[in-house]
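Peer 1:
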Amino acid sequence: MSPTVFRQDGFRFFFFSREEARVHIHVLSGDGEAKFWIKPQIELAQSYGFNSQQLKAIETLIREHRNEIIDAWQRHFGD
């Protein structure tokens with residue numbers, strides 16, 4: 003199960019259920035995929051296919067939606 007938290011600008015932001023305990027978000031588009039840590043700070047964990055401009059745009063979206071991501075994580079995982 004991989005619930006979508008939000009979609010914006012051609013990117014899908016989602017979780018993989020019970021992948022690991024540390025709060026993070028996965029991002030997918032036709033160009034690539036990435037994983038960002040959310041806590042303790044927003045940080046790129048890994049990326050495949052995205053260029054630096056795309057990663058910067060993705061990180062900006064994550065910063066704008068950080069509280070929404072954390073709330074969705076807590077609702078989904080009960081943490």
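Using the working numbering, the first residue of the sequence shown is number 3, and each one after it goes up by one. Idealized CB from N, CA, C, for every residue including glycine. None of the values given here were measured: they were computed from a predicted structure.
Between SER31 and PHE18, is the Cβ-Cβ spacing less than 7 Å?
Peer 2: Walking along the sequence shown from the start, residue 31 turns up at place 29. Walking along the sequence shown from the start, residue 18 turns up at place 16. The answer is no: Cβ separation not under 7 Å.
Peer 1: Comparing C-alpha positions only, which one of VAL7, GLY51, TRP39 sits nearest to GLU22?
Peer 2: Position 20 of the sequence shown, counted from the start, is the residue given in the question as residue 22. The option with the nearest alpha carbon to GLU22 is TRP39.
Peer 1: Between the C-alpha atoms of ILE44 and VAL25, what's the straight-line distance to the nearest angstrom?
Peer 2: On the sequence shown, position 42 is the one that residue 44 refers to. On the sequence shown, position 23 is the one that residue 25 refers to. One C-alpha to the other measures close to 10 Å.
Peer 1: Return yes when the Cβ of LEU63 is within less than 7 Å of the Cβ of GLN10, no when it is not.
Peer 2: The residue you call residue 10 lines up with position 8 of the sequence shown. The residue you call residue 63 lines up with position 61 of the sequence shown. Going by C-beta atoms, GLN10 is nearer than 7 Å to LEU63.
Peer 1: For ASP33, collect the residues of the same chain with a Cβ closer than 7 Å to its Cβ; drop the 5 residues on either side in sequence, then sort them by chain order.
Peer 2: The sequence position of residue 33 within the sequence shown is 31, counting from 1. Within the same chain, and ignoring the five residues on either side of ASP33 in sequence, the residues whose Cβ sits closer than 7 Å to its Cβ are GLY51, PHE52, GLN56.
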